[in-house]
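Below is one structure, written out as structure tokens, with a few remarks after it.
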Amino acid sequence: QYIFAEMGEDTKGKMVSIDTRGDRTLFFDFLSLNLGKIRGFDVRVQLYTVPGQVHYDATRKLVLKGVDGVVFVADSLKVQRKKNIESLINLAKNLAEKGISIRTVPLVIQYNKRDLDGTDSEILPVEILEKDLNSMLKVPSFSASALKGGGVFETLREISKLVVKDVSRKIMLVDQQLK
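Residue numbers for the sequence shown follow my numbering, beginning at 174 and rising by one.
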């Protein structure tokens, strides 16, 4: 929602949200962004957000079909530590079912709710989040606040860069095979 609010009207499409019951209001968001031309290609990024709860597994699997890159958003609250690990394992499993390795897909980890650090909320240090979630993957990671926007565009820029690089590599491979 922060990205949608901050992007210019000429850059973004309509954001689609579906509400659900309970304390987590978003089933998924969809936002299309036009990034202009890169190497002569019109680049349009389609962003989907899906909650991490177990009962949204089928939705996550559907969204992962044809995925070019993933931002894994981890909740920095201490009480979410186990759920973060379970969600990352679930992501790896769901990607594998689509024939995609979590080690090769463009991936960025975002540690959300960092703005709560120093408040009464029990926040995990980034070092622990890195150890739990990124010690084996060693992918780019960013501290962020989805509400205030800190780190959000840095995450978006990094995943966009990784995806464009990966898609360019795949196009070059196809070009070489056609020669």
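For every residue, glycine included, the Cβ atom is placed at its ideal position computed from N, Cα and C.
Note that this is a predicted model, so its numbers are computed, not measured.
- The beta-bridge partner set that DSSP reports for Ala247 consists of Tyr284.
- Judged by DSSP in its simplified three-state form, Arg276 adopts coil rather than helix or strand.
- Counting the other Cβ atoms within 10 Å of the Cβ of Lys286 gives 16 or more, which makes it buried.
- A distance below 7 Å between beta-carbons, with the five flanking residues on each side excluded, links Val223 to the following residues of its chain, in chain order: Phe201, Tyr229, Thr232, Arg233 and Val236.
- Leu289: not part of any beta strand (DSSP E); DSSP gives it neither H nor E.
- In this structure the region 246 to 258 touches the region 305 to 313; the number of beta carbon pairs closer than 8 Å is three or more.
- The straight-line gap separating the alpha-carbon atoms of Ser341 and Leu280 is approximately 16 Å.
- DSSP assignment within the region 208 to 268 yields the following whole alpha helix (DSSP H) runs of 4 residues or more, N-terminal first: 230 to 237.
- With 16 or more other CB atoms across the displayed protein chains lying within 10 angstroms of its CB, Ile296 is buried.
- Shown here, Ser318 sits in coil according to DSSP, grouped into three states, outside any helix or strand.
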